Amino acid sequence: MKLKHILNSQQFTQPLIRELFLRVNEMEQIVKRGGTRDYDRKIMASLFFGSSSLTRFSFEAAMSRLGGKVLTMENASAFFSVSPEDALEDTIRVVDDFCDVIALRHNEIGGASRAADVCSVPLINAGDGKGGQHPTQALLDLYTIHKETNKLDGLKVALVGNLADGRTVRSLSYLLSKYERVKLYFVSPESLQMKQDILDHLEEHKTWYTVESDLHKVLPEVDVVYTTQIERERFTGNDLEFNNLKKNYFIDKEAVKLMHKKAIILSPLPRFNEISRDIDNDPRAAYFRQTQNGMILRMALLAWVLE
Amino acid sequence: MKLKHILNSQQFTQPLIRELFLRVNEMEQIVKRGGTRDYDRKIMASLFFGSSSLTRFSFEAAMSRLGGKVLTMENASAFFSVSPEDALEDTIRVVDDFCDVIALRHNEIGGASRAADVCSVPLINAGDGKGGQHPTQALLDLYTIHKETNKLDGLKVALVGNLADGRTVRSLSYLLSKYERVKLYFVSPESLQMKQDILDHLEEHKTWYTVESDLHKVLPEVDVVYTTQIERERFTGNDLEFNNLKKNYFIDKEAVKLMHKKAIILSPLPRFNEISRDIDNDPRAAYFRQTQNGMILRMALLAWVLE
Amino acid sequence: MKLKHILNSQQFTQPLIRELFLRVNEMEQIVKRGGTRDYDRKIMASLFFGSSSLTRFSFEAAMSRLGGKVLTMENASAFFSVSPEDALEDTIRVVDDFCDVIALRHNEIGGASRAADVCSVPLINAGDGKGGQHPTQALLDLYTIHKETNKLDGLKVALVGNLADGRTVRSLSYLLSKYERVKLYFVSPESLQMKQDILDHLEEHKTWYTVESDLHKVLPEVDVVYTTQIERERFTGNDLEFNNLKKNYFIDKEAVKLMHKKAIILSPLPRFNEISRDIDNDPRAAYFRQTQNGMILRMALLAWVLE
Chain H
399 MKLKHILNSQ QFTQPLIREL FLRVNEMEQI VKRGGTRDYD RKIMASLFFG SSSLTRFSFE
459 AAMSRLGGKV LTMENASAFF SVSPEDALED TIRVVDDFCD VIALRHNEIG GASRAADVCS
519 VPLINAGDGK GGQHPTQALL DLYTIHKETN KLDGLKVALV GNLADGRTVR SLSYLLSKYE
579 RVKLYFVSPE SLQMKQDILD HLEEHKTWYT VESDLHKVLP EVDVVYTTQI ERERFTGNDL
639 EFNNLKKNYF IDKEAVKLMH KKAIILSPLP RFNEISRDID NDPRAAYFRQ TQNGMILRMA
699 LLAWVLE
Chain P
399 MKLKHILNSQ QFTQPLIREL FLRVNEMEQI VKRGGTRDYD RKIMASLFFG SSSLTRFSFE
459 AAMSRLGGKV LTMENASAFF SVSPEDALED TIRVVDDFCD VIALRHNEIG GASRAADVCS
519 VPLINAGDGK GGQHPTQALL DLYTIHKETN KLDGLKVALV GNLADGRTVR SLSYLLSKYE
579 RVKLYFVSPE SLQMKQDILD HLEEHKTWYT VESDLHKVLP EVDVVYTTQI ERERFTGNDL
639 EFNNLKKNYF IDKEAVKLMH KKAIILSPLP RFNEISRDID NDPRAAYFRQ TQNGMILRMA
699 LLAWVLE
Chain R
399 MKLKHILNSQ QFTQPLIREL FLRVNEMEQI VKRGGTRDYD RKIMASLFFG SSSLTRFSFE
459 AAMSRLGGKV LTMENASAFF SVSPEDALED TIRVVDDFCD VIALRHNEIG GASRAADVCS
519 VPLINAGDGK GGQHPTQALL DLYTIHKETN KLDGLKVALV GNLADGRTVR SLSYLLSKYE
579 RVKLYFVSPE SLQMKQDILD HLEEHKTWYT VESDLHKVLP EVDVVYTTQI ERERFTGNDL
639 EFNNLKKNYF IDKEAVKLMH KKAIILSPLP RFNEISRDID NDPRAAYFRQ TQNGMILRMA
699 LLAWVLE
């Protein structure tokens, strides 16, 4: 199959996901052998209108490991500073002549498709807006789950923390609804629960879910615990409430003891205070393997769109 | 011919420009074939004492497309922060041992020649000071005009907008005065007209010019419309005057209708509010081709000084 | 010998230093031939939690000259901004999967060893904290002295300026105490003299030293004058005292006249006002050769840990 722009997770059908996972497997072999020089005449521009160091580094490492070159613009809003309203389109129309693929981070929902409309080379959405899309993150989460648990059908996943604002948990719920007999446990305080549009989507696709506030009740049930940060800013002036939350949704040694032996803990790093460092060396702590998978999956996607 | 430092547009004689254009043509073929690996052991340092994202990206893309490596210092004034008065010379004397060519942006007129005086590798001036030189911009403007109109002798060019402060329009006027039967139309409000030193230079070289405030009268006459930004800051507290200006010197569909079918519109991007996005897909809108030519011309210059 | 992490200068025994210097010699030949492509599949991440442009550029130039690729994070504290207390360890555990070697600048003493504890690839300390270690600087100083004077045993070195805060002069004193019949002259105003712990160390190792405030008395005696900045901030509100100091410890033509013909002047650039630009072209001014040696020494170290 051909792939040009990568804009949202919805464009990834099950056959496309299957092909992607095969390509990631191949890429893992290439990485084990020390990378490749095959793309040494290819250039990726990473245009970041809004900072996200981990995502940028992951894309740039991926392109470098393919043998390719990287042009970095960390503060892309300065590129065409005088004309903010046209900055995105003008930047893309200039930069697409400088490179073979663009990784774009934008701060507005829909920024990636606006950019793709004027872009002559493949464009990969590296996150657009807080409530927008971040398809490579969703795909690397799904890939990590599959690689670690060896299943997708029949999977039981707890999504924990700030579900109301979490772009990653929304996208992941969406992707998981494509699979059979999946069970989703939304675990958060009431004020941060998953929004109705996703719940409606799950009902439509007959995906089982439950809304829950007690993490410890859910932990023994699931194959995957997907944690997200609860931002302190949400609780200014209310340290007590915040500290309670922190305690209730904190993954520490006690919490891990409640989990299956083969269950895993994931996180779209960076962590704040939702995962104790004490469990980093527990084999169930899969979040550093997850970032490594992320780089390799981005290698596979870059190689695919550059074909 | 040999070329070491590239400091100003005056150093480009007609024979040198002819050779440059031939080299750019060859480079266009190389780019069409996907670039080259010939310079894969060469390193360019881009030292930017003063931000100019588009110019920096263009140089770095050029070096990458040649197969070379790039060391980036976007905030070069921090390099030797404690000693601003010596910072430029000391930085150059350190960095010239780290690389094979330096692209330098500096914020003082004459910065590039001061730097070249102590530099053991070729140095390319990527702009020095607001009223200073930016030779690669002037050369890419000239190249684009030649490529698009297939002429230089006999050319009719309107230079529009803020001519008083415009480094690019000054350099371009200078370069065009080398050719026969060129006609220059300086189109701007009185307060922003081209300065006397350039008019004197044109008279000396017997280049025809006219000073004009009515853009619409000039548009049907010319082969090239070269626009520049009129900065809002020049008209603080006087929105009416500024809005009038904007209207009078704005290139939109109505304006384009007045132009020759084969005439072209150029701009040293970014644009502010001098060109309507409505005309971007008109074949006469040549400004995105211009930035692409810029990258290829810089490839040719880099390859030349690295010989 | 094998080398993994490079954390401090103490780990460099005399045999290790001998091997390093041989490797630097070989690397000098490689640089003369235009560098190498041998490391073209290797990736160095330069993680700088705290700015040091010269050191960063030197490491990145070194990796580029080896043919390798560089991932740059100039503002590494932003990498995991929400969780400063874990930022270092988490960053390393993520980034070590993206690259083959890490050059780390950190702002806390001991940062490099904390990082190495969780790092799966070789890590090179590029400076940790003001009073911490900066082993590659100490080694390049030692290498330059050896290369320029052709000796280490029997060497006479004046260390001049702010010795109380100077990381480089402390490390260099430490390294020099390993050699026979070395004489160290600590030349500074009383308030900025070398601290007791280093003096104790020298006594323990039976290294001769003297504490001195008169630079001009020492200059005729020594093979090496190692200067350091006296920061203006130390003397706010006391311009007279500061200007006196500046005059007393300033290396200008008069000072150079007092030196041996074959003695050399070194400096961990940038300079502030301790060395006159008038002497830059005197063959004894070795500080720009020193930064060049620094890049080549870092090439040798990178190649070594990548073996």
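Residue numbers (our numbering), protein chains in the order written: chain H, 399 to 705; chain P, 399 to 705; chain R, 399 to 705. All residues carry an ideal CB built from backbone N, CA and C; glycine is no exception. All figures in this text were calculated on a predicted structure; none of them were measured in a lab.
For histidine 504 of chain H, list the residues DSSP reports as bridge partners.
Numbered from its first residue, the first sequence carries residue 504 of chain H at position 106. The secondary-structure analysis by DSSP pairs histidine 504 of chain H across a beta bridge with H:Asp526.
Starting from threonine 608 of chain R, follow the alpha helix (DSSP H) in both directions and report where the run begins and ends.
Counting from one through the third sequence, the residue named residue 608 of chain R turns up at place 210. No alpha helix (DSSP H) contains threonine 608 of chain R, which is instead part of the beta strand (DSSP E) from 606-610.
Rounded to the nearest angstrom, how far is the Cβ of isoleucine 441 of chain P from that of threonine 434 of chain P, given a contact under 8 Å?
Translated into positions along the second sequence, residue 441 of chain P becomes position 43. Translated into positions along the second sequence, residue 434 of chain P becomes position 36. Not a contact, Cβ separation roughly 16 Å.
Using CA atoms only, rank isn't needed, just tell me which of P:Asp488, P:Gly466 and P:Arg675 is closest to serine 475 of chain P.
Reading the second sequence from its first residue, position 77 is the one you call residue 475 of chain P. It is P:Asp488.
So, with DSSP's three-state summary, where would you put methionine 657 of chain R?
Residue 657 of chain R sits at position 259 when you count from the first residue of the third sequence. In this structure, methionine 657 of chain R counts as coil in the three-state DSSP scheme.
Mind pulling the chain R residues with CB within less than 7 Å of methionine 471 of chain P?
Looking up residue 471 of chain P in the second sequence gives position 73. Result: Ser451 and Phe455.
Any idea if arginine 579 of chain H is buried or exposed, counting beta-carbon neighbours within 10 angstroms, 16 or more meaning buried?
On the first sequence, position 181 is the one that residue 579 of chain H refers to. Around the Cβ of arginine 579 of chain H, a 10 Å sphere holds fewer than 16 other Cβ atoms; the residue is exposed.
Methionine 442 of chain R in three-state terms, based on DSSP:
Translated into the one-based positions of the third sequence, residue 442 of chain R becomes position 44. Strand at methionine 442 of chain R.
Using a Cβ-Cβ cutoff of less than 6 Å, which residues in the same chain neighbour proline 618 of chain H once the five nearest sequence positions on both sides are dropped?
Counting from one through the first sequence, the residue named residue 618 of chain H turns up at place 220. Apart from sequence neighbours up to five positions away, the residues of its chain that approach proline 618 of chain H with a beta-carbon distance below 6 Å are Leu656, ordered along the chain.
The beta strand (DSSP E) that contains phenylalanine 584 of chain R, what's its start and end?
By 1-based counting over the third sequence, the position of residue 584 of chain R is 186. Its beta strand (DSSP E) spans residues 581-585.
Residue-chain proximity (methionine 442 of chain P, chain H), Cβ-Cβ < 9 Å
What you label residue 442 of chain P is simply residue 44 of the second sequence in a count that begins at 1. With 9 Å as the cut-off, methionine 442 of chain P does not count as an interface residue toward chain H.
Verify whether the separation of the beta carbon atoms of arginine 675 of chain R and alanine 661 of chain R is less than 9 Å.
Along the third sequence, read from residue 1 onward, the residue named residue 675 of chain R stands at position 277. Along the third sequence, read from residue 1 onward, the residue named residue 661 of chain R stands at position 263. Cβ distance not < 9 Å, so arginine 675 of chain R and alanine 661 of chain R don't count as in contact.
Collapsed DSSP secondary structure at phenylalanine 447 of chain H in the structure displayed:
The residue you call residue 447 of chain H lines up with position 49 of the first sequence. Here phenylalanine 447 of chain H sits in strand by DSSP.
Establish whether the CB of glutamate 487 of chain R and some CB of chain H are separated by less than 9 Å.
By one-based count along the third sequence, residue 487 of chain R stands at place 89. For glutamate 487 of chain R, the answer is yes, since a Cβ of chain H falls inside 9 Å of its Cβ.
Starting from valine 422 of chain P, follow the alpha helix (DSSP H) in both directions and report where the run begins and ends.
For the purposes of this step, residue 422 of chain P is taken as residue 24 along the second sequence, with counting starting at 1. For valine 422 of chain P, the uninterrupted alpha helix (DSSP H) run begins and ends at 412-430, by DSSP.
Would you please state the rounded distance, in angstroms, between the beta carbons of alanine 459 of chain H and isoleucine 500 of chain H? I believe it to be under 8 Å.
Mapped onto the first sequence, residue 459 of chain H falls at position 61. Mapped onto the first sequence, residue 500 of chain H falls at position 102. At roughly 17 Å, the Cβ-Cβ gap does not stay under 8 Å, so alanine 459 of chain H and isoleucine 500 of chain H are not in contact.
What does the alpha-carbon distance come out to for the pair lysine 651 of chain H and histidine 658 of chain H?
One-based indexing of the first sequence puts residue 651 of chain H at position 253. One-based indexing of the first sequence puts residue 658 of chain H at position 260. When rounded, the distance between both Cα atoms is 13 Å.
Counting only runs of 4+ residues fully inside the region 528-594 of chain H, write out the alpha helix (DSSP H) ranges in chain order.
DSSP runs (the alpha helix (DSSP H)) wholly in the region 528-594 of chain H: 533-547 and 565-574.
Given this structure, state the Cα-to-Cα distance separating serine 665 of chain H from glycine 564 of chain H, to the nearest angstrom.
For this step, residue 665 of chain H is matched to residue 267 along the first sequence. For this step, residue 564 of chain H is matched to residue 166 along the first sequence. Straight-line Cα distance between these residues: approximately 12 Å.
Short CB-CB distance (under 9 Å) between proline 681 of chain R and chain P
Residue mapping note: residue 681 of chain R aligns to position 283 of the third sequence, counting from 1. Interface residue (Cβ-Cβ distance to chain P less than 9 Å): proline 681 of chain R is not classified as such.
Test: glycine 465 of chain R CB closer than 9 Å to a CB of chain P
Taking the third sequence and counting its residues from 1, the one referred to as residue 465 of chain R is at position 67. Yes, glycine 465 of chain R lies at the interface with chain P (some Cβ there is under 9 Å from its Cβ).
Considering lysine 467 of chain H, what are the terminal residues of the beta strand (DSSP E) in which it resides?
Residue numbering aside, residue 467 of chain H sits at position 69 when the first sequence is read from its first letter. Bounds of the beta strand (DSSP E) holding lysine 467 of chain H are 467-471.
Relative to the alpha-carbon of glutamine 408 of chain P, which residue among P:Leu452, P:Leu574, P:Arg669 and P:Glu426 has its alpha-carbon at the smallest distance?
By one-based count along the second sequence, residue 408 of chain P stands at place 10. Restricting attention to P:Leu452, P:Leu574, P:Arg669 and P:Glu426, the CA atom closest to the CA of glutamine 408 of chain P is found in P:Leu574.
Supposed contact pair valine 558 of chain R and leucine 613 of chain R - C-beta distance, whole angstroms, cut 8 Å:
Numbered from 1 along the third sequence, position 215 holds the residue referred to as residue 613 of chain R. Numbered from 1 along the third sequence, position 160 holds the residue referred to as residue 558 of chain R. The Cβ separation is near 6 Å, so the contact holds.
So, under 8 Å CB-CB, alanine 510 of chain P and leucine 405 of chain P are touching, yes? Tell me the CB distance rounded to an integer number of Å.
Translated into the one-based positions of the second sequence, residue 510 of chain P becomes position 112. Translated into the one-based positions of the second sequence, residue 405 of chain P becomes position 7. Between leucine 405 of chain P and alanine 510 of chain P the Cβ distance is about 5 Å, and since that is below 8 Å, they are a contact.
Rounded C-alpha distance that separates aspartate 598 of chain P from phenylalanine 584 of chain P:
Translated into positions along the second sequence, residue 598 of chain P becomes position 200. Translated into positions along the second sequence, residue 584 of chain P becomes position 186. One Cα belongs to aspartate 598 of chain P, the other to phenylalanine 584 of chain P, and the distance between them is close to 14 Å.
Within its chain, find whatever has a CB closer than 8 Å to the CB of isoleucine 596 of chain P; leave out the 5 residues flanking it on each side and keep chain order.
Start at 1 with the first residue of the second sequence, and residue 596 of chain P comes out as number 198. Non-local beta-carbon contacts of isoleucine 596 of chain P in its own chain, meaning distances under 8 Å to residues more than five positions away in sequence, involve Arg568, Ser571 and Tyr572 in chain order.
Could you tell me the alpha carbon to alpha carbon distance between valine 616 of chain H and aspartate 494 of chain H, rounded to whole angstroms?
Residue numbering aside, residue 616 of chain H sits at position 218 when the first sequence is read from its first letter. Residue numbering aside, residue 494 of chain H sits at position 96 when the first sequence is read from its first letter. For valine 616 of chain H and aspartate 494 of chain H, the distance between alpha carbons rounds to 48 Å.
For threonine 608 of chain R and phenylalanine 496 of chain P, I'd like the C-alpha separation in whole angstroms.
What you label residue 608 of chain R is simply residue 210 of the third sequence in a count that begins at 1. What you label residue 496 of chain P is simply residue 98 of the second sequence in a count that begins at 1. Approximately 37 Å between the Cα atoms of the pair.
Consult DSSP for alanine 460 of chain R and reduce its assignment to one of helix, strand or coil.
Counted from its first residue, the third sequence places residue 460 of chain R at position 62. Shown here, alanine 460 of chain R sits in a helix according to DSSP, grouped into three states.
How about methionine 693 of chain H and serine 451 of chain P: do their beta carbons lie closer than 9 Å?
Looking up residue 693 of chain H in the first sequence gives position 295. Looking up residue 451 of chain P in the second sequence gives position 53. Cβ atoms of methionine 693 of chain H and serine 451 of chain P: not closer than 9 Å.
In terms of residue numbering, what span does the alpha helix (DSSP H) encompassing threonine 716 of chain R cover?
Past the edges of chain R, shown from 399 to 705, lies residue 716 of chain R, and the structure says nothing about it.
At least one CB of chain P closer than 9 Å to the CB of aspartate 438 of chain H: is that the case?
Reading the first sequence from its first residue, position 40 is the one you call residue 438 of chain H. At least one CB of chain P lies nearer than 9 Å to the CB of aspartate 438 of chain H.
Glutamate 629 of chain P versus glutamate 601 of chain P: straight-line alpha-carbon distance, rounded
Here the question's residue 629 of chain P lines up with position 231 in the second sequence. Here the question's residue 601 of chain P lines up with position 203 in the second sequence. Going by the C-alpha atoms only, they are around 29 Å apart.
Name the one or two DSSP bridge partners that tyrosine 624 of chain H has.
Locating residue 624 of chain H in the first sequence gives position 226, where the first residue counts as 1. Tyrosine 624 of chain H pairs with H:Leu557 and H:Leu664.
For cysteine 517 of chain H, go through chain P and note every residue whose CB falls closer than 7 Å to its CB, in chain order.
To locate residue 517 of chain H, count along the first sequence from 1; it is residue 119. Within 7 Å of the CB of cysteine 517 of chain H, no CB atom of chain P is found; the nearest one sits about 12 Å away.
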